[in-house]
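A.B. asks:
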Amino acid sequence: MRVSIVVPPAANPDWPSMGAEVIAAVSRRAGHDTTVHYAQLLQPKGDSLEEFSISTAGLYSPTYFGQSVPQFAQELAAAVHADLRVLRPQLGDAGIAPPDYMTKRYIRAMNAARDVVRRAVVEILDDSPDVVGFSITLDVQKMPAAAIARGLREKGFSGRLVAGGSAMDGRSPLAFLRTFTEFDAVLVGEADESWVSCLDRINAGRTDLAGIPGILCRKGSTVLVGPPERPPEDLDGCATPDYRDYIRQYEASEWSQDGGSVLVLESSRSCWWGARSRCTFCAIDSRTRPYRTKSSDRTIAELRKLWVTYSPRVVLYTDSIFPYSYREDHLARLAEDSRSDCWSLFYETKSTVPRRTIARFACAGVREVQPGIESFSTRTLRHMRKGATALQQVNFLKWCSAYGVHAGYGLIAGTPGETAEDLRQVLSVLRAIEHLDAPEQLNWLLLFQTSDYYEQRDSYGFQDVQPLEAERLAYQAPESVLQDLVSMYRYTLPSHRDPEYLAAFRAVEEWIAAHHSSARAPSLTADDCGDCILIIRRALNGAQSLTAVADAAELFLLRECAEVRSLPGLIRNGPYDSDALLTAAERLVTAGLMLVDGTWMLALPIPVDAEASVDAAWPAHITQPKRKEECPS
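Quick note on the numbering used here: the sequence shown kicks off at -7 and runs consecutively.
(1) Leaving aside the five residues before and after ILE365 along the sequence, list all residues of the same chain whose C-beta is less than 6 angstroms from its C-beta, in chain order.
(2) Classify GLU42: buried if its beta carbon has 16 or more other beta carbons within 10 angstroms, exposed otherwise.
(3) For a test of the three-state rule: what should DSSP assign to PHE44, helix, strand or coil?
(4) DSSP three-state call for LEU526: helix, strand or coil?
(5) Is it the case that the region 217 to 235 contacts the region 280 to 295, given that we only count it when at least three CB pairs across the two stretches are under 8 angstroms?
(6) Does the ligand SAH have a heavy atom nearer than 6 angstroms to the CB of TYR481?
(7) To the nearest angstrom, report how far apart LEU337 and ALA608 are at their CA atoms.
(8) How should GLU578 be labelled, buried or exposed, when 16 other C-beta atoms within 10 angstroms of its C-beta is the threshold for buried?
(9) Within this structure, are the beta carbons of ASP184 and SER260 separated by less than 7 angstroms?
(10) Excluding the 5 residues preceding and the 5 following ARG170 in the sequence, name in chain order all residues of the same chain whose CB lies nearer than 7 angstroms to its CB.
(11) So what's LEU549 in DSSP terms, helix, strand or just coil?
(12) Can you have a look at GLN468 and say buried or exposed, based on whether 16 or more other CB atoms are within 10 angstroms of its CB?
(13) Drop a sphere of 10 angstroms on the beta-carbon of SER253, count the other beta-carbons inside from all chains shown, and report buried for 16 or more, exposed for fewer.
(14) Which residue's Cα is closest to the Cα of ILE527: LEU550, ALA506, ASP289 and SER509?
(15) Please state the DSSP three-state secondary structure of HIS507.
(16) Within a Cβ cutoff of 7 angstroms, which residues of the same chain sit near TRP299, ignoring the five residues on either side of it in sequence?
(17) Helix, strand or coil for CYS334 per DSSP?
(18) Using the DSSP secondary-structure output, state which residues sit across from TRP436 in a beta bridge.
(19) What three-state label does DSSP hand PRO599 in the structure shown?
(20) Which residues mark the beginning and the end of the alpha helix (DSSP H) in which LEU117 is found?
(21) Could you compute how far the alpha carbon of PHE273 sits from the alpha carbon of SER(-4)?
(22) Out of curiosity, what's the CA-to-CA distance linking GLU13 and ALA141?
(23) According to DSSP, is HIS398 part of a helix, a strand, or is it coil?
(24) Contact check, ALA604 vs CYS355 under 8 angstroms by CB: the rounded distance?
(25) In angstroms, rounded to a whole number, what distance separates the CA positions of GLU360 and SER269?
(26) Taking the alpha-carbon positions, what's the PRO136 to MET102 distance?
(27) When you compare only the Cα positions, how much space is there between LEU255 and VAL109?
(28) DSSP beta-bridge partners for TYR309?
(29) When you compare the CB of PRO233 with every CB in chain C, is at least one pair closer than 7 angstroms?
(30) For a quick check, are the C-beta atoms of GLU182 and THR232 less than 7 angstroms apart?
(31) At the level of alpha carbons, what is the spacing between ARG305 and ASP6?
(32) What is the rounded straight-line gap between the Cα of LEU596 and the Cα of ALA576?
(33) The alpha helix (DSSP H) that contains SER127, what's its start and end?
(34) Quick one: complete alpha helix (DSSP H) runs, 4+ long, within the region 461 to 486?
(35) May I ask you to report which of helix, strand or coil DSSP gives GLN241?
(36) Return helix, strand or coil for HIS613, following the three-state DSSP convention.
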């Protein structure tokens, strides 16, 4: 049987879809001739069709509904304008693009979207598939997927159309199937097993897909809901992705670039922190998705095979969080590999990872990370249930900079209970750590359907919770269905419309923008000379200075607080009392060399002699990694 897997537009064209590739590998392992079609690579560069924004679904609505583009573009512009006034209250009307400007852009983008759908339909039908599966990992891909599905039906395709992917979670699958009648079924959850059962029934000529765990299917005008799917317990038994389809299509597209591709792997599913203390804003439902990891053997074997086959520029792991069990032996095995000088791995990670583990990241070839920082206010972090403090997060960034591991992250504002003073604290920390990786942006809190904030929205004080006007226009579904179909909602929190709070928000936002617009790279390093510590500083404004710290108490703090330390611990282990340490700490804070949060302290300069291979401090049973190999050009 011939199977086509479609990755709808609106996904990032720079890397493939892990979910689509795993499902394709499952199909091939079951004996089906399977091709993955990347409609995202049909998107033209420019005019932001590839952007993830609240208008994306609406760009494909005229194609799906057969509506006039100019009229719909004007309506979409008005809807987006109304949403932005609620979602980004700090902007004010003057800070939002005028509807006329939006309309012109949307007309161009809608015409481009129509062309993408047309080309995708032609490419899919050229494969003469019996079954077409849509891997929908982002909410904004639902309408593009539906537009392609309608295009296939209009061209006479009579085979099965099945949707699945991580965006099919919560109450969304049932609403999706009721809204888009082109589809025969929706796979809920991870679908490693349900997809095989689905294909087996279709291949056997059976029209009834009812009763398969994790499948919702259509029977006449009724939607039948199967029993819950069982996520695979042993990830080592899951299929390994094969990226030949993506590589072929990527290299033939206008998105191709020199320097190799970005490919994706996974070493775990769900979130081990969420299983212990779920973050209040998080959309990952770890209650129904237990945390599981692949064995180190399997993860390393997949990486080596991928590297030998494709030599990608970056290997992006899709894990929600770096596996805690990998911090020693697994990282050491990667570091021992002669290719780890060459590859560049990416992981999302908890922001409390200590110095030693970050040094091991660097030795193992983990060169990019996305820490879940979210805020530099300990009070706000407590509201979020992050299990982290502001200083722990600064410590993470400090040692990433020391060992050459880039940290890309964003900040969240708008958490229930957060105050203007909390945001001023964030700004104070940012000014003190300008020499470290800065946040990429400050985002307002998003309210997701499967988050604790949404489920307990009344108790948290959220008001006027409803779908976006842009999505109400895009989907044109009854309100009761729309509430379930979308995964994100607009809302108001009265306390966050306060002028003082909005002013603090804008101050943080402006600092981040100024930092990224600067051509200079600030630095703050420390050279310990024994009787003094030389501080070498290059500020964001270009000013440079060299100062010597010689005061005994200050030297003690700078050395002892290389990582976060508590005042009681410093008193127990040192020659100074509380008054002497607090006085010295105050001087260091004033000099921009230390941060203090309650009774916790952290020195900010990066030691000039920091070396990952030494600071990794591998356990005694692990051989000191040795390697060297020429990297492929």
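Each residue gets a CB set at the ideal place from its N, CA and C atoms; glycine is no exception.
C.D. replies: With the given structure in hand:
(1) To locate residue 365, count along the sequence shown from 1; it is residue 373. So the qualifying residues of the chain are SER343, GLN385 and TYR401.
(2) Walking along the sequence shown from the start, residue 42 turns up at place 50. Its pLDDT being 45, under 50, GLU42 is placed unreliably by the model, and nothing is read from it.
(3) Position 52 of the sequence shown holds residue 44. Unreliable placement is indicated for PHE44, whose pLDDT of 44 sits below 50; the coordinate value is still reported in the next sentence. Residue state, collapsed to three classes: coil.
(4) On the sequence shown, residue 526 is found 534 positions in, with the first residue counted as 1. Note: LEU526 maps to strand in three-state DSSP.
(5) Verdict: yes, contact present.
(6) This structure lacks the ligand SAH, and indeed carries no ligand of any kind.
(7) By 1-based counting over the sequence shown, the position of residue 337 is 345. By 1-based counting over the sequence shown, the position of residue 608 is 616. Cα-Cα distance, rounded: 17 angstroms.
(8) The residue you call residue 578 lines up with position 586 of the sequence shown. Exposed: under 16 other Cβ atoms inside 10 Å.
(9) Counted from its first residue, the sequence shown places residue 184 at position 192. Counted from its first residue, the sequence shown places residue 260 at position 268. No; because the gap between Cβ atoms is not below 7 angstroms, this pair is not in contact.
(10) The residue labelled residue 170 in the question sits at position 178 within the sequence shown. The residues are VAL215 and VAL473.
(11) One-based indexing of the sequence shown puts residue 549 at position 557. It is helical.
(12) Position 476 of the sequence shown, counted from the first residue, corresponds to residue 468. When all chains shown are included, GLN468 counts as exposed.
(13) Here residue 253 corresponds to residue number 261 of the sequence shown, with the count starting at 1. Buried: at least 16 other Cβ atoms inside 10 Å.
(14) Here residue 527 refers to the residue found at position 535 of the sequence shown. Of LEU550, ALA506, ASP289 and SER509, the residue nearest in Cα terms is LEU550.
(15) If you number the sequence shown from 1, residue 507 lands on position 515. HIS507 falls in the helix class under three-state DSSP.
(16) For the purposes of this step, residue 299 is identified with residue 307 of the sequence shown, where counting begins at 1. Excluding positions up to five away in sequence, the list reads ARG331 and TRP335.
(17) Counting from one through the sequence shown, the residue named residue 334 turns up at place 342. CYS334: coil per DSSP, three-state reduction.
(18) Within the sequence shown, the letter at position 444 stands for residue 436. DSSP, once it has assigned bridges, lists ALA405 as partnering TRP436.
(19) Reading the sequence shown from its first residue, position 607 is the one you call residue 599. Correct three-state label for PRO599: strand.
(20) Stepping through the sequence shown from its first residue, residue 117 is reached at position 125. Its alpha helix (DSSP H) spans residues 91 to 118.
(21) Here residue 273 corresponds to residue number 281 of the sequence shown, with the count starting at 1. Here residue -4 corresponds to residue number 4 of the sequence shown, with the count starting at 1. Spanning the two alpha carbons is a distance of roughly 35 angstroms.
(22) Along the sequence shown, one-based indexing puts residue 13 at 21. Along the sequence shown, one-based indexing puts residue 141 at 149. Those two C-alpha atoms are separated by around 20 angstroms.
(23) For the purposes of this step, residue 398 is taken as the residue at position 406 of the sequence shown. Three-state DSSP puts HIS398 in a strand.
(24) Within the sequence shown, residue 604 is the residue found at index 612, counting from 1. Within the sequence shown, residue 355 is the residue found at index 363, counting from 1. So it is a contact: roughly 5 angstroms between Cβ atoms.
(25) For this step, residue 360 is matched to residue 368 along the sequence shown. For this step, residue 269 is matched to residue 277 along the sequence shown. Whole-angstrom Cα-Cα distance: 25 angstroms.
(26) The sequence position of residue 136 within the sequence shown is 144, counting from 1. The sequence position of residue 102 within the sequence shown is 110, counting from 1. In a straight line, the C-alpha of PRO136 is about 11 angstroms away from that of MET102.
(27) By one-based count along the sequence shown, residue 255 stands at place 263. By one-based count along the sequence shown, residue 109 stands at place 117. Their Cα atoms are separated by approximately 25 angstroms.
(28) Working through the sequence shown from its first residue, we reach residue 309 at position 317. According to DSSP, which records beta bridges pairwise, TYR309 is partnered with LEU257.
(29) Among the chains of the structure shown, chain C does not appear; only one protein chain is present.
(30) Locating residue 182 in the sequence shown gives position 190, counting from the first residue. Locating residue 232 in the sequence shown gives position 240, counting from the first residue. For GLU182 and THR232, no; Cβs fall outside 7 angstroms.
(31) As a working mapping, residue 305 is identified with position 313 in the sequence shown. As a working mapping, residue 6 is identified with position 14 in the sequence shown. Each residue's alpha carbon lies about 11 angstroms from the other.
(32) Counting from one through the sequence shown, the residue named residue 596 turns up at place 604. Counting from one through the sequence shown, the residue named residue 576 turns up at place 584. Rounded to whole angstroms, LEU596 to ALA576 spans 15 angstroms at the Cα level.
(33) Here residue 127 corresponds to residue number 135 of the sequence shown, with the count starting at 1. SER127 -> not in any alpha helix (DSSP H); beta strand (DSSP E) instead, spanning 123 to 127.
(34) 461 to 467 and 471 to 477
(35) Against the sequence shown, residue 241 aligns to sequence position 249. Reduced to three states, the DSSP call for GLN241 is helix.
(36) In the sequence shown, the residue the question calls residue 613 occupies position 621. HIS613 falls in the coil class under three-state DSSP.
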